[in-house]
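For the sequence shown, the positions run 29 to 278 when my numbering is used.
The structure appears right after this line, and notes come after that.
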Amino acid sequence: MSELLFYRKPVALNRENHRNLKFSPDSKFLFSREINSVPLTGIEFFEASRDLPIFFSRNESGQYFPLALLSLRNNQHALVDEDGSWQGSYVPAFIRRYPFAMTGNQTVCFDEGCKQFSEEVGEPLFDEQGENSTTLNNVLQFLTNFDKSYKATQEFSATLAEQQLFKSFDMQVMAGDGKPVRLEGLHVVDEAKLLEVEPEQVQRWFKSGQLAWIYAHLHSLGALRQLSKQQAQANAVAEAKEKAEAGALN
Numbered sequence: 029m030s031e032l033l034f035y036r037k038p039v040a041l042n043r044e045n046h047r048n049l050k051f052s053p054d055s056k057f058l059f060s061r062e063i064n065s066v067p068l069t070g071i072e073f074f075e076a077s078r079d080l081p082i083f084f085s086r087n088e089s090g091q092y093f094p095l096a097l098l099s100l101r102n103n104q105h106a107l108v109d110e111d112g113s114w115q116g117s118y119v120p121a122f123i124r125r126y127p128f129a130m131t132g133n134q135t136v137c138f139d140e141g142c143k144q145f146s147e148e149v150g151e152p153l154f155d156e157q158g159e160n161s162t163t164l165n166n167v168l169q170f171l172t173n174f175d176k177s178y179k180a181t182q183e184f185s186a187t188l189a190e191q192q193l194f195k196s197f198d199m200q201v202m203a204g205d206g207k208p209v210r211l212e213g214l215h216v217v218d219e220a221k222l223l224e225v226e227p228e229q230v231q232r233w234f235k236s237g238q239l240a241w242i243y244a245h246l247h248s249l250g251a252l253r254q255l256s257k258q259q260a261q262a263n264a265v266a267e268a269k270e271k272a273e274a275g276a277l278n
């Protein structure tokens with residue numbers, strides 16, 4: 029399921045079974061390296077649009093949802109270095125919430141295969157009475173806020189679809205290594221059609237702040253050039269490393 033994209037061994041957090049579990053926070057994001065996009069909520073559009081293109085994807089049920097494009101290559105991105113540090117200006121909340129998650133039915137899960145969990149080292153998730161610790165309450169607050177934003181974004185996307193504002197985005201771009209890549213299966217808001225939307229709907233978007241989401245999305249499309257540049261830099265670093273390793277062997 030998409031909610032648990034990075035999780036190797038997702039399990040539901042249980043007050044009894046995990047009474048002694050401890051968690052060690054980490055600011056590294058190596059776990060995300062093998063993807064090229066993640067879902068993005070509308071409230072994140074402003075920050076993300078600085079260096080991440082925002083598109084809309086359509087699932088098998090015909091529902092649209094925004095995503096942040098992390099790379100022009102499949103199954104990889106260059107926004108984390110070898111140490112796992114994030115190289116961009118904004119880390120999507122979908123990534124930051126790992127190794128925790130909240131499923132559609134409000135079940136809190138965690139990746140039991142993640143090394144940040146232990147019964148010996150870290151911050152307790154439950155106190156001696158079995159109540160939530162401050163650490164766990166902070167996690168739950170983040171997950172709850174994310175879930176609320178996610179649902180609001182679903183409604184926003186559905187309204188855009190009802191207004192028939194989506195158009196396919198199909199173009200060829202350079203991936204940073206001199207090779208062209210064709211982007212397919214993505215959608216963007218049709219700005220020409222946006223100008224034809226009834227004033228009452230535009231006013232509702234304006235009052236909710238969602239009209240700004242639309243323009244942040246459109247503004248973000250210029251970040252495709254930034255992705256190409258990042259990929260070129262990553263390719264140069266990888267090539268230099270290969271040459272250094274080859275020289276060491278000789």
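Backbone N, C-alpha and C define an ideal beta-carbon position, used for all residues, glycine too.
In whole angstroms, what separates the C-alpha of residue i from that of residue j?
{"i": "S55", "j": "E224", "result": "45 Å"}
{"i": "G158", "j": "L49", "result": "11 Å"}
{"i": "T181", "j": "E72", "result": "10 Å"}
{"i": "A186", "j": "A240", "result": "17 Å"}
{"i": "A129", "j": "L171", "result": "7 Å"}
{"i": "A251", "j": "V230", "result": "26 Å"}
{"i": "A220", "j": "L80", "result": "23 Å"}
{"i": "V39", "j": "I242", "result": "36 Å"}
{"i": "Y126", "j": "V136", "result": "12 Å"}
{"i": "Q258", "j": "D109", "result": "11 Å"}
{"i": "A106", "j": "E228", "result": "42 Å"}
{"i": "N160", "j": "R124", "result": "21 Å"}
{"i": "A121", "j": "R61", "result": "15 Å"}
{"i": "A244", "j": "F74", "result": "6 Å"}
{"i": "G213", "j": "E148", "result": "46 Å"}
{"i": "M29", "j": "T131", "result": "In this prediction, M29 scores a pLDDT of 40, lower than 50, which makes its location untrustworthy; the coordinate-derived value is nonetheless stated afterwards. Looking at the two C-alpha atoms, the distance is approximately 9 Å."}
{"i": "V209", "j": "N102", "result": "10 Å"}
{"i": "F21", "j": "W233", "result": "As displayed, the chain neither begins before 29 nor continues past 278, which places residue 21 out of reach and without an answer."}
{"i": "L246", "j": "V167", "result": "32 Å"}
{"i": "Q104", "j": "N165", "result": "33 Å"}
{"i": "P53", "j": "S256", "result": "32 Å"}
{"i": "K143", "j": "H46", "result": "15 Å"}
{"i": "F197", "j": "G90", "result": "16 Å"}
{"i": "A76", "j": "Q191", "result": "25 Å"}
{"i": "W114", "j": "D218", "result": "32 Å"}
{"i": "G150", "j": "T162", "result": "13 Å"}
DSSP state of residue i, grouped into three classes?
{"i": "Y92", "result": "strand"}
{"i": "E219", "result": "helix"}
{"i": "A76", "result": "helix"}
{"i": "F57", "result": "coil"}
{"i": "G112", "result": "coil"}
{"i": "R43", "result": "coil"}
{"i": "M29", "result": "Any reading at M29 must be qualified, since the residue scores a pLDDT of 40, below 50, and its modelled position is unreliable; no value is offered."}
Quick check on the DSSP output: the beta strand (DSSP E) that includes residue i runs from which residue to which?
{"i": "P67", "result": "65-67"}
{"i": "A40", "result": "38-40"}
{"i": "I82", "result": "82-86"}
For a quick check, are the C-beta atoms of residue i and residue j less than 8 Å apart?
{"i": "F145", "j": "F59", "result": "no"}
{"i": "S248", "j": "I82", "result": "yes"}
{"i": "F138", "j": "R43", "result": "no"}
{"i": "H215", "j": "Y35", "result": "no"}
{"i": "T69", "j": "S177", "result": "yes"}
{"i": "L100", "j": "S65", "result": "no"}
{"i": "F57", "j": "V119", "result": "yes"}
{"i": "L188", "j": "M199", "result": "no"}
{"i": "G141", "j": "K37", "result": "yes"}
{"i": "Q254", "j": "F184", "result": "no"}
The ligand FMN and residue i: does the residue's C-beta get closer than 7 Å to at least one heavy atom of that ligand?
{"i": "Q254", "result": "By its list of ligands, the structure shown contains no ligand whatsoever, and the ligand FMN lies outside what it can speak to."}
> In chain order, which continuous runs of the beta strand (DSSP E) of length 3 or greater are located wholly inside the stretch 120-195?
Replying inline: Assignment of beta strand (DSSP E) within the stretch 120-195, counting only whole runs of 3 or more residues, yields 128-130, 136-139 in chain order.
> Which whole runs of the alpha helix (DSSP H) in the stretch 225-264 are 4 residues long or more, in chain order?
Replying inline: For the stretch 225-264, whole alpha helix (DSSP H) runs of length 4 or above, ordered along the chain, are 227-236, 238-248.
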